[in-house]
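Undergrad:
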Amino acid sequence: MATITIDPNSTDQQIDVRVGDSIVVALPENPTTGFRWTIRTDLLPVAELLSDTFDPVAGEMFGAPGVRRFTFDATQTGRATLWLENCQEWEPNAAAADTFSITVAVLV
40 MATITIDPNS TDQQIDVRVG DSIVVALPEN PTTGFRWTIR TDLLPVAELL SDTFDPVAGE
100 MFGAPGVRRF TFDATQTGRA TLWLENCQEW EPNAAAADTF SITVAVLV
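Counting with the numbering used here, you get residues 40 to 147 for the letters of the sequence shown.
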C-alpha cells in the first residue's frame, strides 16, 4: 500500500492508484482569513475520506497560513473526480478564491 501526496500543481490531472493506497491532497490555506478548502464533490465510491486536517507552518504565530490535508483511502476500482473550492462558506454567492480538481482512477 502506497501513500500518494498531491499538491496544487496536480490540479486538472488524473492520477492512477491501487485499491488500498492512501491519497493525500495537500493545499495551502489560511483559515483565519475565512477562506477554507471545501469538498464540493468527493471520490465516492472509489475512495473514502479518512481525515480533513489543518497543519500550521511550524514556528509561525497563530493565524499564520498552513496546509489543509484531505486523506482518502482507495476502496474499490473505478474513477471519480474530486472538486474542491477555497471559499468563505457563509458567502454562498461569492466566487471561490481558488479551485482544485483531480480525477482518480483506482486500479486493481
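For glycine and all other residues, C-beta sits at the position ideal for the given N, C-alpha and C.
1) Residues in its own chain within less than 7 Å of P95 by CB, not counting five upstream and five downstream?
2) Leaving out five residues before and five after I45 in sequence, what residues of the same chain have Cβ atoms less than 8 Å from its Cβ?
3) Which value, in whole angstroms, describes the spacing of the CA atoms of L146 and A97?
4) Beta carbon of D60, beta carbon of L89: below 8 Å?
5) Which complete alpha helix (DSSP H) runs does the region 76-123 hold, if anything under 4 residues is left out?
TA: Per the coordinate set shown:
1) A103, G105
2) I54, I62, V63, V64, A65, I141
3) 36 Å
4) Against a cut-off of 8 Å, the Cβ pair of L89 and D60 comes out as no contact.
5) none
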